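Sequential numbering of the sequence shown, starting at 262, is according to my numbering. Note that beta-carbon positions come from the ideal geometry of N, C-alpha and C, so glycine has one too. All figures in this text were calculated on a predicted structure; none of them were measured in a lab. Shown next, in structure tokens, is the structure this report addresses.
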Amino acid sequence: MRLSVIMPVYNREAFVGAALRSLLRQRDAADLDIIVIDDGSTDGSAEVVRSVMDENPCIRLFQQPNLGVTRTRNTGLRLLDPETELVSFLDSDDISPAGRFEADVELFRNDPDLDLTYSKMMLVDQIDDERLEPAASSNSITVRGIHLSAAIFSRRLVERIGGFDEAFNQAEDTDYLLRTFESGPRYAMPETVALYYRRHPGNMTRQTDVQSREFMRAIYKSMNRRKADPSRRRIEGIFDLRPLADWHFM
């Protein structure tokens, strides 16, 4: 099955090579099409991507002026190959665990009516970029959080949901996932760990005031959509929102 993975990149020279290698090691699990969009990086991110592309034609690199992550994700959707059957995402500072696609893509092979898989994520504060695994000394917690990379979407579901709401500077992924689950897709929730979410000082979500405001706006918009259209599904029992206060990260 042709699986397109959309990866926005902005000034991730130190991390994007490892992110790409974590995808490439899973080429046997699917016909991978890796769409990298460099969103106006001012460091060597594009050069790192090109160095990996040289021996890996499944990677496609596109460059644009800096437009922000939401518009960059929409760029990726517009670049989907006509033969793409499944769509996923990976942020350029995160890692896709070995075996992630082998486990979840098989569910689509076994059920042609499946629209979506939604798996778990592991938050870690140290990653061994050679092994592409959490470092032995890292702190970690595994949850079914709110993250695009936890999902694999069927192409027909992506076309039904449409693009990302460009009114969001952050939490565009929360809004997209809420819209997805509200639409009543046929979904599975495997126990697969779909990504290692790298906690580091440059995380966009460290801007807690902006993130909280945008997150609440996504929730408010979801409430209004469901109020206006009672056919939209309530979203309960999907996301694990237990407090992370007792977990100590960098």
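Could you give the DSSP three-state label for PHE414: helix, strand or coil?
On the sequence shown, position 153 is the one that residue 414 refers to. The answer is strand: DSSP assigns PHE414 an E or B state.
Taking the DSSP output, what are the residues bridged to LEU409?
The count along the sequence shown starts at 1 and reaches residue 409 at position 148. BP columns for LEU409 are empty, so no partner.
Between the region 273 to 284 and the region 351 to 364, can you find at least three pairs of beta-carbon atoms closer than 8 Å?
yes
Check: So is ASP354 in contact with chain C if we call contact Cβ pairs under 8 Å?
Finding: The chain labelled as chain C is not found in the depicted structure, where only one protein chain is given.
Point to revise | Element boundaries [alpha helix (DSSP H), containing ARG332] | key: As a first step, residue 332 is located in the sequence shown; it is residue number 71 there, counting from the start. Per DSSP, ARG332 belongs to the alpha helix (DSSP H) from 330 to 339.
task = Might you give, ordered along the chain, the residues of its own chain that have their beta carbon closer than 8 Å to the beta carbon of GLY498, omitting 5 neighbours on each side?
result = By 1-based counting over the sequence shown, the position of residue 498 is 237. Cβ within range, chain order: n/a, list empty.
Exercise. Tell me whether GLU433 is buried or exposed, calling it buried when 16 or more other Cβ atoms sit within 10 Å of its Cβ.
Key: Against the sequence shown, residue 433 aligns to sequence position 172. Buried: at least 16 other Cβ atoms inside 10 Å.
Please state whether the Cβ-Cβ distance between LEU347 and PHE369 is less than 8 Å. To locate residue 347, count along the sequence shown from 1; it is residue 86. To locate residue 369, count along the sequence shown from 1; it is residue 108. Against a cut-off of 8 Å, the Cβ pair of PHE369 and LEU347 comes out as a contact.
For ALA455, which of helix, strand or coil comes out of DSSP?
-> Your numbering for residue 455 matches position 194 in the sequence shown. Correct three-state label for ALA455: strand.
Determine the contact status of PRO269 and ASP300, defining contact as a CB-CB distance below 8 Å. Here the question's residue 269 lines up with position 8 in the sequence shown. Here the question's residue 300 lines up with position 39 in the sequence shown. Yes.
Is MET465 helix, strand or coil when you go by DSSP?
Here residue 465 refers to the residue found at position 204 when the sequence shown is read from its first residue. Note that MET465 scores a pLDDT of 49, beneath 50, so its modelled location is shaky; the value from the coordinates is reported in the next line. It is helical.
Assuming the contact rule is C-beta atoms closer than 8 Å, CYS319 and ASP289 should be a hit. Round their C-beta distance to whole Å, please.
Indexing the sequence shown from 1 puts residue 319 at position 58. Indexing the sequence shown from 1 puts residue 289 at position 28. Not confirmed; about 12 Å, so no contact.
- prompt: Which value, in whole angstroms, describes the spacing of the CA atoms of ASP365 and SER473?
  reply: Position 104 of the sequence shown, counted from the first residue, corresponds to residue 365. Position 212 of the sequence shown, counted from the first residue, corresponds to residue 473. Cα to Cα, the separation comes out at about 31 Å.
- [ ] Would you be able to state if there are at least three C-beta pairs under 8 Å between the region 369 to 381 and the region 437 to 453?
- [x] yes
| query | Taking buried to mean at least 16 other C-beta atoms within 10 Å of its own C-beta, is LEU284 buried or exposed? | reply | Stepping through the sequence shown from its first residue, residue 284 is reached at position 23. Buried: at least 16 other Cβ atoms inside 10 Å.
Check your understanding: For SER302, which of ARG311, ARG273, PHE414, ALA291 has the nearest alpha-carbon?
Key -> Position 41 of the sequence shown, counted from the first residue, corresponds to residue 302. For the residues ARG311, ARG273, PHE414, ALA291, the minimum Cα distance to SER302 belongs to ARG273.
Item to complete: Would you mind stating whether SER380 and LEU439 have Cβ atoms separated by less than 8 Å?
Response: What you label residue 380 is simply residue 119 of the sequence shown in a count that begins at 1. What you label residue 439 is simply residue 178 of the sequence shown in a count that begins at 1. No.
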